[in-house]
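In what follows, a single structure is set out as structure tokens and then discussed.
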Amino acid sequence: ITLYTIYMPILRIQIISFIQTWNNHKIQKQPNRPYLVPGKPFMNYNFPPTGVL
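Per my numbering, the very first residue in the sequence shown carries number 821; after that it's consecutive.
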């Protein structure tokens with residue numbers, strides 16, 4: 821319980837930071853993979869480009 825109390829807030833902050841960093845990185849268009857949608861994962865998920873769905 822003590823370890824949980826000490827390390828859980830630190831772990832939670834690190835996980836949130838990782839998620840924000842991952843969702844804001846840019847996926848580049850790749851000529852050999854036409855099925856990939858370029859852009860930022862957060863924007864692609866919440867506001868998909870037309871014709872993707």
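Note that CB positions come from ideal geometry on N, CA and C, so glycine has one too.
Over what stretch of residues does the alpha helix (DSSP H) that includes residue i continue unbroken?
| i | result |
| --- | --- |
| T825 | T822 to N844 |
Answer yes or no: do residue i and residue j have a C-beta to C-beta separation smaller than 7 Å?
| i | j | result |
| --- | --- | --- |
| K846 | K860 | yes |
| V857 | N864 | yes |
So if DSSP puts residue i in a beta bridge, which residue, or which two residues, is it bridged to?
| i | result |
| --- | --- |
| G859 | I847 |
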